[in-house]
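With full-length UniProt numbering, letter number 570 in the sequence shown gets 570, and the count goes up by one each step, no holes. Remarks on the structure that follows.
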Amino acid sequence: MTAANPLDIYNAKRDFTRTKEPRGKVAKKRGNSFVVQKHAATRLHWDFRLEIDGVLKSWAVTKGPSCDPADKRLAVRTEDHPLDYGEFEGNIPKGEYGGGTVMLWDRGTWEPVAGKRADDLEDGHLHFVLHGERMKGEWLLVRMKGRPGEKRENWLLRKIDDAEAGQGDTLVERGLTSVLTGRSLAQIEADTAGTQSLKGIKGKAFARKMQAAKVHNARIGGKAQEKRKSRAAPLPRFVKPQLATLVDDVPTGNEWLHEIKYDGYRLLIAARGGEVKVYTRNGLDWTAKFGPLVQTIAALDLPPALIDGEVVAFDANGNPSFSVLQSVLKRGHGEQRADTPFHFFAFDLLSLDGADLKPLPLIERKERLEALLAHAESPIRVADHLIGAGERLYRSLCDAGQEGIIAKRIDDAYRSGRTRNWVKVKCTRRQEFVVIGWTASKAKGRAFASLLLAQHEGKTLTYKGKVGTGFDSGTMDELAAAMKPLATRDAPAEVPRVEARGAHWIEPKLVAEVAFAEFTGDGRVRHGSFLGLRTDKPAKSVKPEKPAPAPPPESGVKISSRERVIFPDSGQTKGDLADYYARIAPLMLPFAANRPVSLVRCPQGRSRNCFFQKHDSGAFGDHVHHVPIREKDGGTEDYIYVDDADGLLACVQMGTIEFHGWASRADAVELPDRMIFDLDPDEGMDFARVRTAAADIRDQLSAIGLVSFAMLSGGKGVHVVVPLTPGHDWETHKDFASRLAHALSAAEPDRFVATMSKAKRKGRIFIDWLRNQRGSTAILPYSARARAGAPVAIPIDWTELSGMKDAHPFDIGDAETLWERSNMLKGWGFAAQRLPQL
Numbered sequence: 001m002t003a004a005n006p007l008d009i010y011n012a013k014r015d016f017t018r019t020k021e022p023r024g025k026v027a028k029k030r031g032n033s034f035v036v037q038k039h040a041a042t043r044l045h046w047d048f049r050l051e052i053d054g055v056l057k058s059w060a061v062t063k064g065p066s067c068d069p070a071d072k073r074l075a076v077r078t079e080d081h082p083l084d085y086g087e088f089e090g091n092i093p094k095g096e097y098g099g100g101t102v103m104l105w106d107r108g109t110w111e112p113v114a115g116k117r118a119d120d121l122e123d124g125h126l127h128f129v130l131h132g133e134r135m136k137g138e139w140l141l142v143r144m145k146g147r148p149g150e151k152r153e154n155w156l157l158r159k160i161d162d163a164e165a166g167q168g169d170t171l172v173e174r175g176l177t178s179v180l181t182g183r184s185l186a187q188i189e190a191d192t193a194g195t196q197s198l199k200g201i202k203g204k205a206f207a208r209k210m211q212a213a214k215v216h217n218a219r220i221g222g223k224a225q226e227k228r229k230s231r232a233a234p235l236p237r238f239v240k241p242q243l244a245t246l247v248d249d250v251p252t253g254n255e256w257l258h259e260i261k262y263d264g265y266r267l268l269i270a271a272r273g274g275e276v277k278v279y280t281r282n283g284l285d286w287t288a289k290f291g292p293l294v295q296t297i298a299a300l301d302l303p304p305a306l307i308d309g310e311v312v313a314f315d316a317n318g319n320p321s322f323s324v325l326q327s328v329l330k331r332g333h334g335e336q337r338a339d340t341p342f343h344f345f346a347f348d349l350l351s352l353d354g355a356d357l358k359p360l361p362l363i364e365r366k367e368r369l370e371a372l373l374a375h376a377e378s379p380i381r382v383a384d385h386l387i388g389a390g391e392r393l394y395r396s397l398c399d400a401g402q403e404g405i406i407a408k409r410i411d412d413a414y415r416s417g418r419t420r421n422w423v424k425v426k427c428t429r430r431q432e433f434v435v436i437g438w439t440a441s442k443a444k445g446r447a448f449a450s451l452l453l454a455q456h457e458g459k460t461l462t463y464k465g466k467v468g469t470g471f472d473s474g475t476m477d478e479l480a481a482a483m484k485p486l487a488t489r490d491a492p493a494e495v496p497r498v499e500a501r502g503a504h505w506i507e508p509k510l511v512a513e514v515a516f517a518e519f520t521g522d523g524r525v526r527h528g529s530f531l532g533l534r535t536d537k538p539a540k541s542v543k544p545e546k547p548a549p550a551p552p553p554e555s556g557v558k559i560s561s562r563e564r565v566i567f568p569d570s571g572q573t574k575g576d577l578a579d580y581y582a583r584i585a586p587l588m589l590p591f592a593a594n595r596p597v598s599l600v601r602c603p604q605g606r607s608r609n610c611f612f613q614k615h616d617s618g619a620f621g622d623h624v625h626h627v628p629i630r631e632k633d634g635g636t637e638d639y640i641y642v643d644d645a646d647g648l649l650a651c652v653q654m655g656t657i658e659f660h661g662w663a664s665r666a667d668a669v670e671l672p673d674r675m676i677f678d679l680d681p682d683e684g685m686d687f688a689r690v691r692t693a694a695a696d697i698r699d700q701l702s703a704i705g706l707v708s709f710a711m712l713s714g715g716k717g718v719h720v721v722v723p724l725t726p727g728h729d730w731e732t733h734k735d736f737a738s739r740l741a742h743a744l745s746a747a748e749p750d751r752f753v754a755t756m757s758k759a760k761r762k763g764r765i766f767i768d769w770l771r772n773q774r775g776s777t778a779i780l781p782y783s784a785r786a787r788a789g790a791p792v793a794i795p796i797d798w799t800e801l802s803g804m805k806d807a808h809p810f811d812i813g814d815a816e817t818l819w820e821r822s823n824m825l826k827g828w829g830f831a832a833q834r835l836p837q838l
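Listed below in structure tokens is the structure:
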């Protein structure tokens, strides 16, 4: 994304004899503009651009910005653009880079929130405020972790929950015209004014025009030849699909995207122009079953491609219905009524134009899929997804009576077989069972009373109970006909005598899908309801699906001995601690990253042999960094610092529980930027006195012009945190903190003490100002504590302090709760303020 001239890449990609886009020149006059351009290129997207250092830093937002704080939008970093591009609206010629129609969709100014800088962008995050015609309020850009060797930068754009936030996709749904000219995309595309003409052009000018046309024709001809060549690639072969593992919770974190779990048949579609084949998940050729769908895909005239997806049919209420899908298929040859058509939801692209796309990250495969099917219309759709916010999607689908969701790691390659990188979370229990028999019905007109079910457990076919509901008369007749030729004398599985009484046995070849409430203690289906026969999978593959724990967030650091208990009183393990830090890292890193730290390491658990460590000889690995710092004796030592989640986890892998940070950054060790007053109460003191003391100190700081913030230490006290603009030295920093603490102690000696002596602390609160000396540290926000119950230090709002009963209300099991409450803490710990004279 960078070059000697930041616009060299921009200029190299464009032929300015053909495109009306402005040439790239770095502006000398600097400002703070931003623009968003709606861009109908190969695929529709929104180009989000911020003016920084004389250019427009740019991201392609694939679905457009969302005003919903729960909706994280993928934003792919692109080349820097010139400031003049902020006024560009029009058509980029087809065949040129970015060919298509550009609309000026939004514009205005921006600035970082208080305490943040535009330079934060280089650290992979930017918290800023927009003053646009459509985009307003606070926003956040966060760079996602890239794979080794990955060239492009994936970021997430998210709205902060403020007065300008909303729900749904109202920004892009309502913003349909240009903020510059009021035109729609279609009107802009139809405007051909400015198209080059040879009329009246002679001599050298004519020669130049003809040469440009020759170059253009060669380029277009080359592309046409490439297209013809791509058609020469063979029809893609079947590939065993990637399968999802059943889990009991929705995985969390920005490394997951979430899709609807459709209630249909999994299909892989191989297409090459008018040639189309449809495969089941087991490689059966079902092309003949989906005639109209095949015709629709053939009409798209696609290059050779292998597409993964799900075919569904909708019921009268507009919900995907497996039984409706089966009824359509039973009519044979893909015939369908207008009210029950097939719909194919494509969610992955495995190959294109002869190129194997399986090694690419999922998010990139989905982008290529969206581009491939950009002009497809119903019944062909690209499955939508959400990045993060899976729990919200899951709850809404369950409330609507849907099956559940599929969660997929956003940067993972496509891997055949069942993996933990694709997981499914179901609203209700649904599994496949082998039909091993049936019982006769006494009711007139019923072909049978119930079906007997089983599943393969290892090499044994194990009885799982009966299902007697979910059949209509037509379904019963079809099942009876399917079971008749499979009749056998012997039971295929061991069935208790009382349940086998009156049963008729069949060979275990039919697979039924059944919804049920639960398995009973003896492994029987409870409240089962028949959904349909599965003809797309063999009976021998039917095994119980047992939900596993949701996968922890992915990391480049392997955590060994995850099951080791390090908090013996609560039973929480090293794995639990690692999962907490992985999940909470985005909240913690603004305070912990690039800051010298001292670690509390407890390799055998919190109750055995814990110690401080601030130096590292290299044992922590590449994710933990070193900064040389001058010691009192004049020599230098390498101190530890981290700058990402993997750094935190590398420390946890080495037995770290607590993180304590300096009051300065690793790149400016001699310039403190944070003052901390640690209120340490005498043993047994009522916490209400500590709360009141913290509020009073806040008021004292406010009286001299300093904004402060409160943090519960995770122990027994409260930290009053004063963020500062660097500019003074350590001596000034220490002197200010000392004089303020001693002044408060002198004013109320029965309440406060400013010395460490425990004898003088009796019944008082020690205002620990010693955290503000060079080399001293304080517990970092969101750090766990090596104490009973695995508590954590948490930032809080002053308004909620009065309701806190102690200084350790949350523990490492509360990561999701801490994320939920983080919206009310925006701006916590950041303020641009100089240290005043005291």
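We put the CB at the ideal spot given by N, CA and C, even for glycine.
Taking residue i as the reference, which of the options has the closest Cα?
| i | options | result |
| --- | --- | --- |
| Ala831 | Lys277, Pro781, Val721, Ala759 | Val721 |
| Ser378 | Val652, Ala487, Thr296 | Thr296 |
| Leu329 | Glu367, Val511, Gly264, Asp308 | Gly264 |
| Tyr394 | Glu259, Ala299, Pro538, Pro672 | Glu259 |
| Thr488 | Phe471, Gly474, Lys459, Lys509 | Lys509 |
| Gly437 | Arg430, Gly465, Pro112, Thr101 | Gly465 |
| residue 862 | Val129, Leu171, Thr177, Ala790 | The structure shown does not extend to residue 862, since the chain spans only 1 to 838, so no value can be given for it. |
| Lys240 | Leu180, Asp308, Gly468, Ile188 | Asp308 |
| Phe345 | Ala190, Leu267, Leu56 | Leu267 |
| Val565 | Gly789, Asp169, Asp123, Asp814 | Gly789 |
| Gly95 | Ala41, Cys67, His127, Glu122 | Ala41 |
| Gly31 | Ala75, Ala60, Pro112, Asp71 | Pro112 |
Take the Cβ of residue i as the centre, count every other Cβ of all protein chains shown within 10 Å, and call the residue buried at 16 or more, exposed below.
| i | result |
| --- | --- |
| Arg834 | exposed |
| Lys805 | exposed |
| Gln402 | buried |
| Trp798 | exposed |
| Met675 | buried |
| Lys459 | exposed |
| Ala619 | exposed |
| Gln326 | buried |
Going by DSSP, name the residue or residues bridged to residue i.
| i | result |
| --- | --- |
| Asn91 | Thr101 |
| Pro538 | Pro538 pairs with nothing; no bridge assigned. |
| Val627 | Tyr639 |
| residue 843 | No answer is possible for residue 843: it lies beyond the span of the chain, which begins at 1 and ends at 838. |
| Thr109 | Ser33, His131 |
| Thr439 | Ser450, Ala503 |
| Thr573 | Val565 |
| Gln242 | Gly417 |
| Phe611 | Arg601 |
| Phe344 | Val311, Ile380 |
Assuming residue i and residue j are in contact, meaning their beta carbons sit under 8 Å apart, how far apart are those beta carbons, in whole angstroms?
| i | j | result |
| --- | --- | --- |
| Ile363 | Ile410 | 5 Å |
| Ile767 | Leu577 | Ile767 to Leu577, Cβ: 31 Å. No contact. |
| Pro65 | Met135 | 6 Å |
| Ile52 | Ala118 | 5 Å |
| Val425 | Ala407 | 7 Å |
| Ala12 | Gly54 | Their Cβ separation, rounded to whole angstroms, is 19 Å, which puts Ala12 and Gly54 out of contact at 8 Å. |
| Val627 | Ala666 | 4 Å |
| Ala793 | Pro781 | 6 Å |
Please tell me whether residue i has its Cβ less than 8 Å away from any Cβ of chain B.
| i | result |
| --- | --- |
| Lys289 | This model lacks chain B altogether; it includes just one protein chain. |
- Message: Is it the case that the segment 476 to 489 contacts the segment 437 to 452, given that we only count it when at least three CB pairs across the two stretches are under 8 Å?
- Response: yes
- Task: Flag this pair as touching only if the segment 647 to 654 and the segment 683 to 695 have three or more C-beta atom pairs under 8 Å; answer yes or no.
- Result: no
- Query: Between the segment 594 to 606 and the segment 657 to 677, do three or more beta carbon pairs fall short of 8 Å?
  - Reply: Look at the beta carbons and you see the segment 594 to 606 touching the segment 657 to 677: at least three pairs across the two are nearer than 8 Å.
- Hey, is the segment 42 to 58 in contact with the segment 69 to 87, meaning 3+ C-beta pairs nearer than 8 Å? yes
- Query: Can we say the segment 575 to 595 touches the segment 625 to 643, given the rule of at least three CB pairs closer than 8 Å?
  - Reply: Verdict: yes, contact present.
- Task: Would you be able to state if there are at least three C-beta pairs under 8 Å between the segment 709 to 727 and the segment 811 to 830?
- Result: yes
- Check whether the segment 144 to 157 touches the segment 249 to 256, taking contact to mean three or more Cβ pairs, one atom from each stretch, closer than 8 Å. yes
- Query: Just checking, does the segment 170 to 188 make contact with the segment 89 to 106 on the three C-beta pairs under 8 Å criterion?
  - Reply: yes
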